[in-house]
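Residue numbers (the working numbering), protein chains in the order written: chain B, 58 to 133; chain V, 5 to 559. From the three backbone atoms N, C-alpha and C, an ideal C-beta is built for every residue, glycine too.
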Amino acid sequence: MTHLRRDDGFGGRGDEFYEQLVAAHRGLDEAGSGALNARLVLLLANHVGDLAIVAEAIATARRGLGAQGTAPDQER
Amino acid sequence: MGTYQYKQYPYRRPAELGRDPGARRAVVIVGAGPVGLAAAIDLALQGIGVVVLDDNDVVSVGSRAICWAKRTLEIFDRLGVAERLLAKGVTWQVGRVYHRDRELYRFDLLPEGGHKMPAFINLQQYYVEEYLVERAREFPGLIDLRWKNRVVGVERAADGVAVTVETPDGRYRLEADWLIAADGAKSSVRTLLGLPFEGHTFEEKFLIVDVRLDADYPSDRRFWFQPTFDPGQSVLIHRQPDNVFRIDFQLGWDADAEAERDPEHAMQRVRRVVGPDVRCEYEWCSVYTFRCARLKRFVEGRVLFAGDSAHVVSPFGARGGNGGVQDVDNLCWKLARVLRGEAPAELVASYDRERVHGADENILNSSRTTAFMTPKTAVERQLRDGVLALAADFPFARGLVNSGRLSKPCHLQGFAGFAADDGSVAGPMRPGVPCDDAPVTGVDGRATWLLNHLGGRPTALVFVADRRDAAAIERTIAACGIADLAVVALTDRPCGDLPLPELVDREGLTRARYGGRTGVTYLIRPDQHVLGRWGEWNPAALGAAWRLCLGGGKA
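Listed below in structure tokens is the structure:
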């Protein structure tokens, strides 16, 4: 069974990806950015398709975020 | 400043004062910083005389550029100063990245051995300039260094440049075929010519403090995001010689620059970093903001821009000084050949193409780093913090953490003036790539380095099995028609009786790095970039590649 990928999936072009992501948010207010992120998550999750992997990603992302949504560093 | 004793270089009354400009010079260089001095030495090594004008009479005040990258050191080695720099500098290759008080990961900038130069040395700019001045003085007939000579006027003509120079004794005029403006970020030549210097200013302030510490901190580059010991967004520490440490604090855009610049205030910040018990002495500090900008063209008729006068970046990534020295490496052999009438002016135009590309690469990397370090909106901060939160456990996220993408040699693959790669040679040393170093030995067994045998002039690097191959090569050297071609034969084990200079690849690293097998031939540009490579000795291809190169890409 495959697991959530941990190593670089961008073929060494991670900086380019990050730049695209930040640029996509430019000009949006907080609600707009939230909406963009939600749509992105849905699109990318659908592209992954494998529910086991999506569940692993959700669990990993959720880790350290408390019930009230505390930042991970504050919990450690 | 405690640890460095500034010397004043003597001003001498220029002979041209109160007279006609005198003989026209080949090259006048404005600025005796690392870039201007390196250019003077490089041109002198090619037999070209230069006048260097500097408005001051001391080396850099403050440590300023401190991180000198491997490629820069290789260039400095070609110029004959690297050994002094290495002896004095702090060698390092590991960067450590922290989030709050936790080390997230380390990166190694030179994980393999077999290179003469380290990934980086840290050395204050004032030492680098001092050593370059001393090296320049070894060419008394060729380098005319003039302190307290400020350029106050520039007039351009189709075939040359005239400058008006102000000295303590008055003004004089100097005419030259070419002018190299290496006069820094606030270039007076650029300003006098009214050239726009456009780019992006980043809304962030930083404080750098040099302190002498009685502490045995590692030589590694250490970078903290959201440090626990400072209220700012990030802190970067570099070790320099003389137990001097550079501490770089990210202050935020709203910081009060005047208050932060106060040494007492700066030392309070330092005290929070080093703890109460470490003896520390203040050396120098500076508050800075930065922008990424470049000139549209680095070649403006007979005026050539190099270093910060042509392009500026943020300091994260050490791409300022290193980029400037790479400009010199690219420019000087071209200028020398044009001045000697061996190449058309198009060769100098290729400097513009190639180094604008280098500058854009540096600006891109530096801008990305700055964007990561200085999130501007809530969502940018969330994305940044998300990357940091995942980085400890996820290697992919470590790849996204950006505390500086450190200066790497610029590749020129695909640029006009390099031969097409016909695919007959394996390995990454494609046309346009700066040559990798490798350990080799002379026939006598003495250890040396490949790069010390390349550069300065066109060089053919030929992989040879024995005397039979060498004889064939020797017969055809004349046929390729490259007047000052140097030839280096690489052998697996010493032949000793080759009619060519022989280097022995005892460790096999040259073969591994260059896809070397008997017959493989590389043609190397004077700036140690691969110009072409072929699976067999091919005089016609070599000659054509060199002519293409000299024509600046026009066959």
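* **Residue nearest to V:P379 in terms of C-alpha spacing, selected from B:H60, B:D65 and B:E76** => Start at 1 with the first residue of the second sequence, and residue 379 of chain V comes out as number 375. Cα-wise, what sits closest to V:P379 is B:E76.
* Quick one: what does DSSP say V:N326 is sitting in, helix, strand or coil? -> Mapped onto the second sequence, residue 326 of chain V falls at position 322. Helix, per DSSP.
* Asked: Hey, is the stretch 266–273 of chain V in contact with the stretch 194–203 of chain V, meaning 3+ C-beta pairs nearer than 8 Å?
  -> Here the stretch 266–273 of chain V makes no contact with the stretch 194–203 of chain V; the two share fewer than three CB pairs at distances below 8 Å.
* **Boundaries of the alpha helix (DSSP H) in which B:L99 is found, first to last residue** => In the first sequence, counting from the first residue as 1, residue 99 of chain B sits at position 42. That run of the alpha helix (DSSP H) goes E87 to V105.
* If you measure beta-carbon to beta-carbon, which residues of the stretch 375–393 of chain V are closer than 8 Å to chain B? -> A375, F376, T381, A382, V383, E384, L387, D389, V391 and A393
* Enumerate in chain order the residues of its own chain whose CB-to-CB distance from V:R515 is below 6 Å, with the five nearest sequence positions on each side excluded. => Working through the second sequence from its first residue, we reach residue 515 of chain V at position 511. Contacts found: D509.
* V:L183 beta carbon less than 7 Å from that of V:V56 -> For the purposes of this step, residue 56 of chain V is taken as residue 52 along the second sequence, with counting starting at 1. For the purposes of this step, residue 183 of chain V is taken as residue 179 along the second sequence, with counting starting at 1. Their beta carbons are not under 7 Å apart, which means V:V56 does not touch V:L183 by this criterion.
* To do: Measure the C-alpha to C-alpha separation of V:D46 and V:P498 and round it to an integer number of angstroms.
  => Start at 1 with the first residue of the second sequence, and residue 46 of chain V comes out as number 42. Start at 1 with the first residue of the second sequence, and residue 498 of chain V comes out as number 494. Roughly 33 Å separates the two Cα atoms.
* Tell me which same chain residues have a C-beta within less than 8 Å of the C-beta of B:F67, skipping the five on either side of it? -> Position 10 of the first sequence, counted from the start, is the residue given in the question as residue 67 of chain B. Counting only Cβ-Cβ distances below 8 Å, and skipping sequence neighbours, we find E73 and F74.
* Look up V:D112 in the DSSP assignment and give the residues it is bridged to. => The count along the second sequence starts at 1 and reaches residue 112 of chain V at position 108. In DSSP, V:D112 forms a bridge with V:V98.
* By Cβ distance, which residues of its chain are closer than 7 Å to V:G66, with the 5 residues on each side in sequence left out? -> By one-based count along the second sequence, residue 66 of chain V stands at place 62. Within the same chain, V:G66 has close Cβ partners W288 and S290.
* Near-chain B residues of the stretch 395–417 of chain V - C-beta to any C-beta below 8 Å -> Listed in sequence order: D397, F398, P399, F400, G403, L404, N406 and R409.
* **Cβ separation of V:F309 and B:D64, assumed to be a contact under 8 Å, to the nearest whole Å** => Residue mapping note: residue 309 of chain V aligns to position 305 of the second sequence, counting from 1. Residue mapping note: residue 64 of chain B aligns to position 7 of the first sequence, counting from 1. That belief does not hold up - the Cβ atoms of V:F309 and B:D64 are roughly 42 Å apart, past 8 Å.
* To do: List the endpoints of the continuous alpha helix (DSSP H) containing V:E133.
  => Walking along the second sequence from the start, residue 133 of chain V turns up at place 129. It spans Q129 to A140 - the alpha helix (DSSP H) in which V:E133 sits, taken as one unbroken run.
* To do: Look at the alpha carbon of V:P560 and the alpha carbon of V:V352, and state the distance between them as a whole number of angstroms.
  => As shown, chain V starts at 5 and ends at 559. That puts residue 560 of chain V outside it, with no answer to give.
* Asked: Taking the C-alpha atoms as reference points, what is the distance between V:D258 and V:R68?
  -> Here the question's residue 258 of chain V lines up with position 254 in the second sequence. Here the question's residue 68 of chain V lines up with position 64 in the second sequence. Separation of V:D258 and V:R68 (C-alpha to C-alpha, rounded to the nearest whole angstrom) is 23 Å.
* Asked: Considering only C-alpha positions, which residue in the set V:G390, V:G459 and V:Q237 is nearest to B:R120?
  -> Here the question's residue 120 of chain B lines up with position 63 in the first sequence. Closest by alpha carbon: V:G390.
* Given B:G126, which residues of its chain have a CB within under 6 Å of its CB, disregarding the five upstream and five downstream residues? -> The residue labelled residue 126 of chain B in the question sits at position 69 within the first sequence. Confidence at B:G126 is low in this model, with a pLDDT of 47, below 50, so the placement of that residue should be treated as unreliable; the coordinate-derived value is given next. So the list is empty, once near-sequence residues are dropped.
* To do: Run down chain V in chain order and give the residues with a C-beta less than 7 Å from the C-beta of B:G136.
  => Lying outside 58 to 133, the shown extent of chain B, residue 136 of chain B is not represented and no answer is given.
* Considering only residues of the stretch 400–459 of chain V, which uninterrupted beta strand (DSSP E) runs meet the minimum length of 3 residues and lie entirely inside it, listed in chain order? -> Fully enclosed beta strand (DSSP E) runs of no fewer than 3 residues occupy 443–445 and 451–453 of the stretch 400–459 of chain V, in order along the chain.
* To do: Confirm, please, whether the CB-CB distance from V:S370 to V:R323 is below 7 Å.
  => Here residue 323 of chain V refers to the residue found at position 319 of the second sequence. Here residue 370 of chain V refers to the residue found at position 366 of the second sequence. It is a contact, given that the beta carbons lie within the stated cut-off.
* To do: For V:R576, return the contacting residues in chain B, with the cut-off set at a CB-CB distance below 8 Å.
  => Nothing can be reported for residue 576 of chain V: it is not among the residues displayed for chain V, which extend from 5 to 559.
* For V:N126, name the three-state secondary structure that DSSP assigns. => The residue you call residue 126 of chain V lines up with position 122 of the second sequence. The answer is strand: DSSP assigns V:N126 an E or B state.
* **V:L196: first and last residue of the uninterrupted alpha helix (DSSP H) it sits in** => Looking up residue 196 of chain V in the second sequence gives position 192. Where V:L196 is concerned, the enclosing alpha helix (DSSP H) starts and stops at S192 to L196.
* Could you give the residue range of the beta strand (DSSP E) that holds V:E264? -> Reading the second sequence from its first residue, position 260 is the one you call residue 264 of chain V. Counting along the chain, V:E264 falls outside any beta strand (DSSP E), though it belongs to the alpha helix (DSSP H) covering A261 to R265.
* Answer yes if the stretch 202–212 of chain V comes into contact with the stretch 222–233 of chain V, meaning at least three C-beta pairs across the two stretches below 8 Å, and no otherwise. => no
* **V:R23 to V:R177 span [Cα, whole Å]** => Indexing the second sequence from 1 puts residue 23 of chain V at position 19. Indexing the second sequence from 1 puts residue 177 of chain V at position 173. Looking at the two C-alpha atoms, the distance is approximately 9 Å.
* C-beta neighbour in chain V for B:A114, strict 7 Å -> As a first step, residue 114 of chain B must be located in the first sequence, where it is residue number 57. False, the Cβ-Cβ gap to chain V never drops below 7 Å.
* Asked: How do the stretch 119–126 of chain V and the stretch 75–82 of chain V stand: do at least 3 beta-carbon pairs fall below 8 Å, yes or no?
  -> yes
* Asked: What's the gap between the Cα of V:A474 and the Cα of V:L504?
  -> Numbered from its first residue, the second sequence carries residue 474 of chain V at position 470. Numbered from its first residue, the second sequence carries residue 504 of chain V at position 500. If you take the alpha carbons of V:A474 and V:L504, they lie about 7 Å apart.
* Could you pull out every residue in the same chain whose Cβ sits closer than 7 Å to the Cβ of V:F201, ignoring the five residues on either side in sequence? => Position 197 of the second sequence, counting from 1, holds the residue named residue 201 of chain V. Closer than 7 Å at the Cβ level, and outside the excluded window around V:F201, lie R194, A297 and L299.
* For V:T381, does the three-state DSSP call read helix, strand or coil? -> Along the second sequence, one-based indexing puts residue 381 of chain V at 377. Three-state result, V:T381: coil.
* To do: Check the DSSP bridge columns for V:Q237 and list the partner residues they point to.
  => Position 233 of the second sequence holds residue 237 of chain V. For V:Q237, which the question treats as bridged, DSSP gives no partner whatsoever.
* B:R119 CB to nearest chain A CB: under 7 Å? -> The chain labelled as chain A is not found among the protein chains of the depicted structure, namely B and V.
* Determine the DSSP secondary structure at V:K558, reduced to helix, strand or coil. => Within the second sequence, residue 558 of chain V is the residue found at index 554, counting from 1. Residue state, collapsed to three classes: coil.
* To do: Please specify which runs of the alpha helix (DSSP H), each continuous and at least 4 residues long, are wholly inside the stretch 247–291 of chain V, giving them in chain order.
  => 261–265 and 267–278
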